[in-house]
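The listed protein sequences derive, respectively, from chains A and B.
The first sequence begins at 1130 in the working numbering and counts up one residue at a time.
The second sequence begins at 8 in the working numbering and counts up one residue at a time.
From the three backbone atoms N, C-alpha and C, an ideal C-beta is built for every residue, glycine too.
None of these values were measured; they are calculated from a predicted model.
Everything below concerns the one structure shown next.
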Amino acid sequence: SQKIEQNSEALNIQEGKTATLTCNYTNYSPAYLQWYRQDPGRGPVFLLLIRENEKEKRKERLKVTFDTTLKQSLFHITASQPADSATYLCALSPYNNNDMRFGAGTRLTVKP
Amino acid sequence: DSGVTQTPKHLITATGQRVTLRCSPRSGDLSVYWYQQSLDQGLQFLIHYYNGEERAKGNILERFSAQQFPDLHSELNLSSLELGDSALYFCASSPRGWGEQYFGPGTRLTVT
């Protein structure tokens, strides 16, 4: 069956360091992969989308890589800040977005 | 603020009852998605509508139904409610049938 695994439930890092979150998937051939941020009790917020034929995407302090051979995406937040503390979700979908599947999320805490 | 609105914010009801959750997408967005988020299941895709037509069903129970109206707002109907239906229900919208999604603030449903 299809599985999406995010590397850990929780990740604690020091302010200013780079946070790296992992998303692995099995039995799935996504057309693209997305990363969302979710704060407690609130809806997810879109961050980045990367297509299957792209290796890397950047947006300000965020970087995402997508390796369809390894079936893995890495999400990096550079120069992390306490305000980056949240749960980060990866989501995979086929071309038509009919069935977007989310990972369980990684809760990131950035300590000052 | 994503531009997606959901009402009500909170809903408390008894087992066996029926409720309707409402969603207004961002202006111009044709796609509406419904998700259920519970502590043990994570974010689960329920159903996708595009310009009034059902596009796909995910893990949606037969007791649940949805529709998208000509003005593009959508309603999710939950009937014969059970304790296990207690969850956060999110609506999301997107301009197309794929790509990034913009989530509303959610409706927290508590079934007692």
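Name the chain A residues that come within less than 8 Å of residue i, Cβ to Cβ?
i, result
"B:F97", "G1172 and P1173"
What first and last residue would you give for the beta strand (DSSP E) that runs through residue i?
i, result
"A:N1141", "A1139 to Q1143"
"B:V39", "S38 to S45"
"B:H55", "G49 to Y57"
"A:D1196", "L1191 to D1196"
"B:Q13", "T12 to T14"
"B:A63", "E60 to K64"
"A:Q1163", "Y1161 to Q1167"
"B:S100", "A94 to S101"
"B:Q108", "It is not in any beta strand (DSSP E) - B:Q108 carries neither H nor E in the DSSP assignment."
"A:F1204", "Q1201 to I1206"
"A:T1216", "A1215 to S1222"
Classify residue i as buried or exposed, calling it buried when 16 or more other Cβ atoms lie within 10 Å of its own Cβ.
i, result
"B:I19", "exposed"
"A:P1241", "exposed"
"B:H17", "exposed"
"B:F71", "buried"
"A:D1168", "exposed"
"A:P1211", "exposed"
"B:L5", "In the structure as shown, chain B starts at 8 and stops at 119, and residue 5 of chain B therefore has no counterpart that could be examined."
"A:G1245", "As displayed, chain A neither begins before 1130 nor continues past 1241, which places residue 1245 of chain A out of reach and without an answer."
"B:Q108", "buried"
"A:Q1131", "exposed"
"B:F76", "exposed"
Write down the C-beta distance between residue i and residue j rounded to the nearest angstrom, noting that I regard them as a contact closer than 8 Å.
i, j, result
"B:F97", "B:G111", "6 Å"
"B:R33", "B:S9", "7 Å"
"B:A94", "B:Q43", "5 Å"
"A:K1188", "A:L1177", "6 Å"
"B:G59", "B:P102", "That pair is no contact at about 15 Å."
So residue i contacts chain A; which residues on that side make the cut at Cβ distance below 9 Å?
i, result
"B:S9", "G1172, V1174 and F1175"
"B:Q108", "Q1163, Y1165, P1173, F1175, A1220, N1226 and M1229"
"B:L53", "Within chain A, no residue comes near B:L53; the closest Cβ sits about 10 Å away, beyond 9 Å."
"B:P112", "G1170, R1171 and G1172"
Is residue i close to chain E? Criterion is C-beta to C-beta, closer than 8 Å.
i, result
"B:G49", "The question asks about chain E, but that chain is absent: this structure's protein chains are A and B."
Note down, in chain order, all residues in the stretch 1176–1205 of chain A with a beta-carbon under 8 Å from any beta-carbon belonging to chain B. For chain B, the residues of the stretch 1176–1205 of chain A that bring a beta carbon within less than 8 Å of one of its beta carbons are L1178, in chain order.
If contact means a Cβ-Cβ distance below 9 Å, which residues of the stretch 1143–1167 of chain A contact chain B? Within the stretch 1143–1167 of chain A, the qualifying residues are A1160, Y1161, Q1163, Y1165 and Q1167.
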